[in-house]
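Step one of this worksheet: look at the structure below.
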Amino acid sequence: MSSRIRAIAFNTFRETVRDRVLYNLVFFALLLVTMAPLFGQISIGVQRVLLVNLSLSAISIFGTVISIFVGISLVSKEIEKRTLYPVLSRPVGRGEFIVGKYFGLSGTLLVNTAAMALGFYLALFLMTRDFTRADANVLIAIYFIFLEFIIIIGLALLFSSFSTPLFSALFALSMFIAGTFAGDLRTFAEITHGPQKWLAIATSYLIPNLTSLNVITRVSHDQFIPRALVAYNTLYAMFYAAATICAALLIFSRRDLK
Amino acid sequence: MRRRATVFSACVLLICFLGSFFTLRRIERANLSNSMEDVLFISSPQFVKRASLGYSGLLADIYWMRVVQYFGRKHLRDSMEYKALAPLLDITTTLDPNLVVAYEWGSTFLDQPPPSGAGDDDAAIALIRKGIQNNPNDWHLYFTLGFIQYLGKHDYLAAAQTFEEGSRVPNAHPWLKIMAAKMLSDAGSMDTARYLWQNIYDESTDNNLKQNAALHLACLVVDQEIPQLEALVAEFRRRFGRNPASWKELAVAGALKSIPLDPLGEPYVLRSDGSVTVADEKKFPFIRISKSASSD
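Chains S and V, in that order, give the protein sequences.
In terms of the numbering used here, the first sequence is numbered consecutively and its last residue is 258.
In terms of the numbering used here, the second sequence is numbered consecutively and its last residue is 554.
Structure representation (structure tokens):
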């Protein structure tokens with residue numbers, strides 16, 4: 001990574017971490033995670049399942065909200081505040097700017113996810129007073145959630161490179177929702193015929209496949225997650241995120257910033 | 259310089275997209291053993307209804323799509339278990355109690371024996387009774403209930419009563435009354451079953467329902483023809499002291515004019531023990547006679 005990209009990434013990280021909205025979301029997520037044992041006490045026999053489901057869902061939802069709303073403002077805010085021009089007047093390419101912003105926010109999300117994961121394990125320890133091998137399995141689900149974030153950040157950046165913040169948020173949110181139904185869309189393609197089948201197949205490969213990244217329910221029941229799935233999901237997230245960044249780059253490099 | 263950067267970015271975009279495409283195909287293969295599809299995280303229909311924040315109609319439609327996909331996926335794999343089907347249907351019909359299609363089709367999914375369905379007559383009856391309670395003026399639901407009581411439970415008296423009740427609903431189809439009478443006179447006969455399926459075939463505007471009725475009619479033909487063919491084989495055995503080796507032998511002996519074909523145009527299979535079956539039993543999932551013979 002070039003020093004210019006690193007500098008932009010670091011500044012983006014610092015800027016987003018300082019953001020009050022971000023702190024509020026993290027605080028709320030942590031609060032929910034620590035409240036989980038209380039929810040567990042009012043249910044019967046599913047305390048651990050409930051804690052895992054609730055905590056991981058909270059990590060996923062709040063991280064997604066951060067990815068979308070901070071992601072879409074990365075470029076638009078710089079244009080609005082006119083801070084983009086002094087950056088681009090230096091020997092910094094538009095591509096480096098976009099890539100730097102991407103890595104900066106990804107770093108923020110990594111720290112946030114790690115903090116929330118720590119909160120989860122703390123809550124789990126308070127509840128069970130012990131860690132088992134099954135609890136380590138939860139880390140895979142958290143890792144998949146982070147992979148989900150790096151895809152969503154890429155999409156938010158892509159949409160913000162050509163659209164207004166409001167529409168970018170709508171587009172990114174729609175892609176997120178569609179992505180959670182990607183598996184259903186492929187099943188739908190299996191049972192349909194004709195042009196709808198091909199349309200469903202094409203759409204299912206174009207939208208992000210978030211179905212296979214969601215293993216929350218499976219780890220809550222201590223189901224085995226194949227190692228191959230971990231490797232392929234990692235590859236997939238990297239490919240998809242890189243594709244979105246490239247598309248954002250292509251659009252942003254042609255955008256008239258005057 | 260800028261052009262080169264654009265070409266480079268476009269190439270990387272294409273490579274990454276292709277990479278994601280092929281990786282996704284690998285993921286599908288690695289993730290095949292997803293055994294969590296029968297897990298229903300929220301099983302309380304009332305909770306789901308409250309959580310829908312007033313958008314229960316929309317949520318019911320989404321749940322109905324899930325039911326169809328769940329059933330379709332399991333059906334494609336010839337699954338013998340449909341654990342989440344009844345709870346999913348319960349949630350769907352609680353969210354929208356007037357979604358008649360969910361009661362009609364849902365009870366069919368539940369009623370048909372595995373692998374064509376869940377084979378749970380009681381759950382099917384409970385669902386359709388819920389439908390009648392919520393839509394007392396829809397005669398189709400009485401018909402479906404009577405149908406399950408007749409073919410699934412073989413409770414002809416209850417079926418006659420249901421058909422009779424249904425016939426009193428405004429705008430009910432006249433043959434509900436006929437069915438009520440047939441249930442009391444000759445419910446166990448094949449003619450009654452044929453009459454029922456023929457009516458469904460003639461009256462239905464839904465292609466899937468029509469196909470299903472046509473399949474049942476074809477299975478009834480098979481159920482009727484197999485004993486006739488086996489009687490011919492028995493007669494041959496009585497005359498020659500052995501089973502015929504082929505249909506040709508039966509034709510030469512004058513028992514048959516040509517090789518007998520099933521309703522799909524495939525020749526019936528003559529087994530060495532003299533029993534007769536269809537070439538592909540999967541194509542006739544509702545036949546009774548041939549299956550029981552093969553399991554003997």
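Backbone N, C-alpha and C fix where the C-beta goes; we use that ideal spot for every residue, glycine too.
By Cβ distance below 6 angstroms, which residues in the same chain neighbour residue i in space, the five residues on each side in sequence not counted?
i, result
"P303(V)", "D348, I349, T352"
"D531(V)", "none"
"L155(S)", "A172, M175, T244"
"L317(V)", "S310, L353"
"L249(S)", "G95, I98"
"F100(S)", "The sequence as given places Gly at residue 100(S); Phe does not occur at that position. Contacts found: I5, I8, A9."
"S125(S)", "The question names Ser, yet the displayed sequence has Phe at residue 125(S). Answer for F125(S): no residue qualifies."
"T211(S)", "A182, G183"
"S314(V)", "K307, L353"
Under 7 angstroms between beta-carbons, which chain V residues line up against residue i? List them in chain order, please.
i, result
"L51(S)", "Under the 7 angstroms cutoff, chain V gives no residues; its nearest Cβ is about 14 angstroms from L51(S)."
"G179(S)", "In chain order: nothing, as chain V lies at least about 12 angstroms away."
"Y232(S)", "T281, R284, I285, A288"
"N137(S)", "Within chain V, no residue comes near N137(S); the closest Cβ sits about 14 angstroms away, beyond 7 angstroms."
"Y205(S)", "F279, L282"
"N11(S)", "Per Cβ cutoff of 7 angstroms: no residues; N11(S) is ~23 angstroms from chain V at best."
Within its chain, find whatever has a CB closer than 8 angstroms to the CB of residue i; leave out the 5 residues flanking it on each side and keep chain order.
i, result
"I153(S)", "S67, G71, Y102, L105, S106, L109, A241"
"A117(S)", "I59, L139, I142"
"T113(S)", "I59, G63, I142, I145, F146, F149"
"I406(V)", "S365, D369, D379, A382, I383, I386"
Residues of chain V with CB under 9 angstroms from residue i, in chain order?
i, result
"T83(S)", "Residues of chain V passing the Cβ test: none, with the nearest at roughly 23 angstroms."
"G293(S)", "No information on residue 293(S) is available, as it lies outside the stretch 1 to 258 that chain S covers here."
"E190(S)", "G330, R331, L334"
"D184(S)", "M323, R324, Q327"
"G95(S)", "A263, S267"
Quick one: measure Cβ to Cβ for residue i and residue j, integer angstroms, because I've assumed they're closer than 8 angstroms.
i, j, result
"L473(V)", "Q456(V)", "The pair is not a contact, with the Cβ atoms about 13 angstroms apart (cut-off 8 angstroms)."
"A200(S)", "F188(S)", "5 angstroms"
"I145(S)", "L56(S)", "7 angstroms"
"S504(V)", "L528(V)", "7 angstroms"
"S76(S)", "P165(S)", "5 angstroms"
"G410(V)", "G424(V)", "Contact doesn't hold; Cβ gap of about 17 angstroms is too wide."
"V427(V)", "W397(V)", "4 angstroms"
Sorted by chain position, which residues of the same chain lie with C-beta nearer than 7 angstroms to residue i's C-beta, five sequence neighbours on each side aside?
i, result
"N356(V)", "N392, N393"
"M441(V)", "Y408, Y414, A417, A418, F421"
"F367(V)", "F329, L343, G375, A376"
"I150(S)", "S106, A237, A241"
"P521(V)", "A476, V479, V480"
"L147(S)", "L213, N233, T234, A237"
Can you pull the chain V residues whose beta carbon is under 8 angstroms from the beta carbon of residue i, in chain order?
i, result
"L249(S)", "S267"
"S253(S)", "R260, A263, T264, S267"
"G100(S)", "Per Cβ cutoff of 8 angstroms: no residues; G100(S) is ~16 angstroms from chain V at best."
"T187(S)", "Q327, G330, R331"
Could you name the residues that DSSP lists as bridge partners for residue i?
i, result
"V359(V)", "According to DSSP, V359(V) bridges with nothing at all."
"P525(V)", "L519(V)"
"T535(V)", "V527(V)"
By the criterion of Cβ-Cβ separation under 9 angstroms, what are the contact partners of residue i in chain S?
i, result
"G277(V)", "L235, Y236, M238, F239, Y240, A242, A243"
"Q304(V)", "Within chain S, no residue comes near Q304(V); the closest Cβ sits about 16 angstroms away, beyond 9 angstroms."
"C477(V)", "In chain order: nothing, as chain S lies at least about 23 angstroms away."
May I ask you to check if the CB of residue i is nearer than 8 angstroms to at least one heavy atom of the ligand ADP?
i, result
"G104(S)", "Of ligands this structure carries none, so the ligand ADP is not represented either."
Tell me, please, whether the segment 85-98 of chain S touches the segment 131-148 of chain S by the rule of three or more beta-carbon pairs shorter than 8 angstroms.
These segments do not touch.
For the 8 angstroms Cβ check, are there 3 or more pairs between the segment 166-185 of chain S and the segment 260-273 of chain V?
Too few Cβ pairs lie closer than 8 angstroms, so no.
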